[in-house]
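All remarks here apply to the structure that follows.
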Amino acid sequence: MSLSNRDVAHIFQAIADSMEILGEDRFRILAYRRASDAIGDLPLPLADYQARHALEDIPGIGKTIAEKIGVLLDTGTLPLYERLKSQIPAGVLDLLRVPEIGPRTAKRLYDELGIASLDDLRAMVDAGRLREVKGFGAKTEQRIRQGLEMLSQREQRVLMPHAMSTAETLIAALREVFVDLRVTAVGSLRRACPTVGDLDLLAAQDDTAAVVQAFIALPQVAEVLMSGVMKASVVLHSGLQADLLVVPPPQWGSALQHFTGSQAHNIRLRELALERGLSFSEHGFRQADGTLMTCADETQVYATLGLPWIPPELREDRGEFAAARSGTLPNLITLADLRGDLHMHSTWSDGRASIAQMAATAHALGREYITITDHSAYLGVTGGVDAARLRDQAAEIAALNAEYAARGEAFRILHGVEVDITPDGSLALPDAALADLDLVVASLHVSLRQPRDQITARLLQAIANPHVDIIAHPTGRILERREGADLDLEVVFQAAAANGTLLEINSNPERLDLDALHARRALELGVTLVVNSDAHHPDELNQLRYGILTARRAWASAAQVANTWPVEQVLKHCASSVI
DNA sequence: GCCGTTTTCGGCCCGACTGTTTTCAGTCG
195 MSLSNRDVAH IFQAIADSME ILGEDRFRIL AYRRASDAIG DLPLPLADYQ
245 ARHALEDIPG IGKTIAEKIG VLLDTGTLPL YERLKSQIPA GVLDLLRVPE
295 IGPRTAKRLY DELGIASLDD LRAMVDAGRL REVKGFGAKT EQRIRQGLEM
345 LSQREQRVLM PHAMSTAETL IAALREVFVD LRVTAVGSLR RACPTVGDLD
395 LLAAQDDTAA VVQAFIALPQ VAEVLMSGVM KASVVLHSGL QADLLVVPPP
445 QWGSALQHFT GSQAHNIRLR ELALERGLSF SEHGFRQADG TLMTCADETQ
495 VYATLGLPWI PPELREDRGE FAAARSGTLP NLITLADLRG DLHMHSTWSD
545 GRASIAQMAA TAHALGREYI TITDHSAYLG VTGGVDAARL RDQAAEIAAL
595 NAEYAARGEA FRILHGVEVD ITPDGSLALP DAALADLDLV VASLHVSLRQ
645 PRDQITARLL QAIANPHVDI IAHPTGRILE RREGADLDLE VVFQAAAANG
695 TLLEINSNPE RLDLDALHAR RALELGVTLV VNSDAHHPDE LNQLRYGILT
745 ARRAWASAAQ VANTWPVEQV LKHCASSVI
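Just so we're on the same page, this note's numbering is the position in the first sequence counted from 1, plus 194.
This is the structure we're talking about:
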């Protein structure tokens, strides 16, 4: 069994952690961390790069690490890793997960108390023995005890919409104290990451300490982890951690850039500043003579480095600086670009509203067209559609379209279906039934754990069916709950590009599937995407905004997303992909 | 260990906060 990219990334992260505990050169450690991140971002298996002798072409991977990857892939093991493991047991690395425990503390706990696992640490804390370590007082012991208690909760990530609404609540609460306070959500939330580990807020006010004090006194706050004159960290009653940074108003731009991250993006940005003899921080640019140049907005930060403003969704150190330098940043899609929504349900299957209600809401939201795609009658799906019910449904849709036309409203309901791809790769409806529809969405719902070859072949068979226009939520992942299917996505993307099959970014916040990295790779291979709501209720038609954020993180422009097109163009594309 | 629009050698992000060892190292984002 060969190592996956994730396995290799994990090993390099463990190598970096171990070296850090051993106090080795910090730049060498940084190199291993960067290599690990780079591998985690790769669209293809490492073995593909190895076969093409292209490992060293990956930014952050040089001769030495490329060789080590080769050894890992060929032998499944690495002498450096084995040596480090013999010096630092794996359990010691787990100690780093506890808040307040970093590499130096982990090493001392291991050296002086023999603590080599989280269980060991718990036992020692309970026995009150941490204070035997020089420099460890009552507060440190208390913090570590709390850190251990909250470990599992701290490591849980929350979905973006939940984090957004929590952030909005906190912002509103702060504005009850300071009317018109300039405050916004930053961090991974502003970069539109699908899940966030904690909530980051930025505020601007001359009296920074007063805002911090108001923040830690909010009723939502359960515990104050840390607070000073310009920042504070708290745990909310919901268990979510929230961090606030407050700066004087003239520093808004630099602070916004700093606190939006990502960390990797910021490190790159500060390196670019150094090349220009400038040192950048949340306070602004420090010049060689010590004078500070503040930035009132973010554009000024990037402009000082000779760059155009980079959208937050791209700030992951995944090539955005090179694109900015060469003037090739994408013109990212926006919600306003969407004309239609090609995947939603009604009471004809498991939706909770009629076709008329879904249409009315979509129309009110400004969509020009929608497709009703109820589930095919198949295993476990209650009230799905079969060939006969599809004919009845067609009549209902035709009648509704006639009403819109009679009112002179340019709104169109297309008739589709979400047909199941069965375990053997065939579709759950006969071709004859599909042929009558405007548009066919096919998706995997069952047997998602099939072996790679089998499930990939299944999806390829669906893509090859001339009636299939869209593959919905291609991997089937459910965030924080279920990994996606083990698909050879490279092959899937190539087939979709060749057939003109549209691949979906499903906007359900629990799915967001394809994810940003896969969607970006699909675009590189010439795939056209669609961003659909998969709404089961009129309220969920708004979910499109999450799908759009994911498309932006995938560097997508409007033209690369089919439901930004006029309805005629969509229908023409779907018709022409029928061989 | 990686990297190059001043460099194939000599660099490598930056500051706030905390506890405790009273002057700064460790942690975090």
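Beta carbons: idealized from backbone N, C-alpha and C, even for Gly.
Cβ neighbours of Val755 in the same chain (closer than 7 Å, five flanking residues each side left out): Here residue 755 refers to the residue found at position 561 of the first sequence. Correct list, in chain order: Ile527, Leu723, Val724, Val725 and Ala745.
Are the beta-carbon atoms belonging to Pro732 and Ala547 less than 8 Å from one another? For this step, residue 732 is matched to residue 538 along the first sequence. For this step, residue 547 is matched to residue 353 along the first sequence. Going by C-beta atoms, Pro732 is nearer than 8 Å to Ala547.
At which residues does the beta strand (DSSP E) containing Val376 begin and terminate? Position 182 of the first sequence, counting from 1, holds the residue named residue 376. The residue you asked about is not Val; residue 376 is Arg in the sequence shown. The continuous beta strand (DSSP E) containing Arg376 extends over residues Arg376 to Ala379.
What do you reckon, are the CB atoms on Val327 and Arg302 nearer than 8 Å? Stepping through the first sequence from its first residue, residue 327 is reached at position 133. Stepping through the first sequence from its first residue, residue 302 is reached at position 108. Going by C-beta atoms, Val327 is nearer than 8 Å to Arg302.
Would you identify the three-state DSSP class for Gly577, choosing helix, strand or coil? What you label residue 577 is simply residue 383 of the first sequence in a count that begins at 1. Of the three classes helix, strand and coil, the one that applies to Gly577 here is coil, per DSSP.
Three-way DSSP call (helix, strand, coil) for His452 in this model: As a working mapping, residue 452 is identified with position 258 in the first sequence. His452 carries a helical assignment under DSSP once its states are collapsed to helix, strand and coil.
In chain order, what residues of the same chain have a beta carbon less than 8 Å from the beta carbon of Gln207, not counting five sequence neighbours either side? For this step, residue 207 is matched to residue 13 along the first sequence. Residues Tyr226, Arg227 and Ser230 of the same chain have their beta carbon placed closer than 8 Å to that of Gln207, with the five preceding and five following residues left out of the count.
Could you give the C-beta distance for Glu562 and Gly534, rounded to a whole number, given that I count them as a contact under 8 Å? Within the first sequence, residue 562 is the residue found at index 368, counting from 1. Within the first sequence, residue 534 is the residue found at index 340, counting from 1. Between Gly534 and Glu562 the Cβ distance is about 6 Å, and since that is below 8 Å, they are a contact.
I'd like the span of the alpha helix (DSSP H) that includes Ala208, first residue to last. In the first sequence, the residue the question calls residue 208 occupies position 14. Segment Asn199 to Ile215, the alpha helix (DSSP H) holding Ala208.
Arg369 versus Ala397: straight-line alpha-carbon distance, rounded: Translated into the one-based positions of the first sequence, residue 369 becomes position 175. Translated into the one-based positions of the first sequence, residue 397 becomes position 203. If I take the Cα positions, the gap works out to 11 Å.
With burial defined as no fewer than 16 other Cβ atoms inside 10 Å of the residue's Cβ, what is the status of Glu734: buried or exposed? In the first sequence, the residue the question calls residue 734 occupies position 540. Counting Cβ neighbours within 10 Å, Glu734 comes out buried, since at least 16 surround it.
Excluding five sequence neighbours on each side, which residues of the same chain lie with their C-beta closer than 6 Å to the C-beta of Met213? Stepping through the first sequence from its first residue, residue 213 is reached at position 19. For Met213, where only same-chain residues beyond five positions count, the Cβ hits under 6 Å are Ile223.
Simplified DSSP state of Glu674, which is helix, strand or coil: Translated into positions along the first sequence, residue 674 becomes position 480. Annotated three-state conformation of Glu674 is coil, per DSSP.
Quick check on the burial criterion: 16 or more other C-beta atoms within 10 angstroms. Buried or exposed for Ile773? Stepping through the first sequence from its first residue, residue 773 is reached at position 579. At Ile773, the pLDDT of 49 sits below 50, so the modelled position is not reliable; the number obtained from the coordinates is stated separately. Ile773 should be labelled exposed.
Counting only runs that start and end within the stretch 379-444, where is the beta strand (DSSP E) found for 3 or more residues in a row? DSSP runs (the beta strand (DSSP E)) wholly in the stretch 379-444: 392-398, 415-421, 425-430 and 435-441.
Using 8 Å as the threshold, is the C-beta distance between Ile215 and Leu272 below it? Your numbering for residue 215 matches position 21 in the first sequence. Your numbering for residue 272 matches position 78 in the first sequence. For the pair Ile215 and Leu272, the CB atoms are not nearer than the 8 Å cut-off.
Just curious, the alpha helix (DSSP H) that His356 is in, first and last residue? Start at 1 with the first residue of the first sequence, and residue 356 comes out as number 162. Met354 to Val371 is the extent of the alpha helix (DSSP H) around His356.
Would you give the residue range spanned by the beta strand (DSSP E) that Ser473 belongs to? Here residue 473 refers to the residue found at position 279 of the first sequence. That run of the beta strand (DSSP E) goes Ser473 to Ser475.
DSSP three-state assignment for Arg480, whether helix, strand or coil: Position 286 of the first sequence, counted from the start, is the residue given in the question as residue 480. Strand.
Could you work out which residue in Asp288, Leu536, Gln244 and Arg509 is closest to Asp211 when comparing CA atoms only? Residue numbering aside, residue 211 sits at position 17 when the first sequence is read from its first letter. Of the candidates Asp288, Leu536, Gln244 and Arg509, the one whose C-alpha sits nearest the C-alpha of Asp211 is Asp288.
For Ala582, which of Thr360, Asp242, Gln648 and Trp542 has the nearest alpha-carbon? If you number the first sequence from 1, residue 582 lands on position 388. Nearest of Thr360, Asp242, Gln648 and Trp542 to Ala582, Cα basis: Trp542.
So, is Gly478 buried or exposed, given that buried needs 16 or more other C-beta atoms within 10 angstroms? Taking the first residue of the first sequence as position 1, residue 478 is located at position 284. Burial call: buried.
Would Glu677 pass as a contact of Ser637 if the rule is Cβ separation under 8 Å? As a first step, residue 677 is located in the first sequence; it is residue number 483 there, counting from the start. As a first step, residue 637 is located in the first sequence; it is residue number 443 there, counting from the start. No, they are not a contact pair.
DSSP three-state call for Leu653: helix, strand or coil? Residue mapping note: residue 653 aligns to position 459 of the first sequence, counting from 1. The DSSP-derived three-state label of Leu653 is helix.
Cα-Cα separation, His431 to Gly422: Indexing the first sequence from 1 puts residue 431 at position 237. Indexing the first sequence from 1 puts residue 422 at position 228. Straight-line Cα distance between these residues: approximately 21 Å.
Cutoff 8 Å; reference Gly308; Cβ partners in own chain excluding five residues on either side: Here residue 308 refers to the residue found at position 114 of the first sequence. Within the same chain, Asp314 come within 8 Å of Gly308 by CB-CB distance, once the 5 residues on both sides are set aside.
Taking Arg384 as the reference, give the member of Val373, Val371 and Pro355 with the closest Cα. The sequence position of residue 384 within the first sequence is 190, counting from 1. Selected option, being the one with the closest Cα: Pro355.
Go through the stretch 534-606 residue by residue and report every complete run of the alpha helix (DSSP H) that reaches 4 residues or more, in order. With a minimum length of 4 residues, the unbroken runs of alpha helix (DSSP H) contained wholly in the stretch 534-606 fall at 549-558 and 581-600.
Taking Cβ to Cβ, would you say His712 is nearer than 8 Å to Leu743? Indexing the first sequence from 1 puts residue 712 at position 518. Indexing the first sequence from 1 puts residue 743 at position 549. Not in contact: His712 and Leu743 (Cβ atoms no closer than 8 Å).
Can you list, in chain order, the residues of its chain whose CB lies under 6 Å from that of Gly670, leaving out five sequence neighbours each side? Working through the first sequence from its first residue, we reach residue 670 at position 476. Closer than 6 Å at Cβ, skipping near neighbours: Leu638, Leu642, Gly678 and Ala679.
Start and end residues, beta strand (DSSP E) containing Leu315: Your numbering for residue 315 matches position 121 in the first sequence. Judged by DSSP secondary structure, Leu315 falls outside any beta strand (DSSP E) and instead within the alpha helix (DSSP H) spanning Leu312 to Asp320.
What is the DSSP secondary structure of Glu294, reduced to helix, strand or coil? Residue mapping note: residue 294 aligns to position 100 of the first sequence, counting from 1. Coil.
Taking DSSP as the reference, what is the three-state secondary structure of Val640? Mapped onto the first sequence, residue 640 falls at position 446. In the structure shown, the three-state DSSP call for Val640 is coil.
What does DSSP give as the partner residues of Asp169 in its beta bridges? The chain is shown only over 195 to 773; residue 169 falls outside these bounds and no answer can be derived.
Could you spell out where the alpha helix (DSSP H) holding Val724 opens and where it closes? Translated into the one-based positions of the first sequence, residue 724 becomes position 530. Note, Val724: premise wrong, no alpha helix (DSSP H); beta strand (DSSP E) at Leu723 to Asn726.
When we look at the beta-carbon of Phe221 and count the other beta-carbons within 10 Å, is it buried (16 or more) or exposed? Position 27 of the first sequence holds residue 221. Under a 10 Å Cβ-count criterion, Phe221 is classified as exposed, with fewer than 16 other Cβ atoms of the shown protein chains found around its own Cβ.
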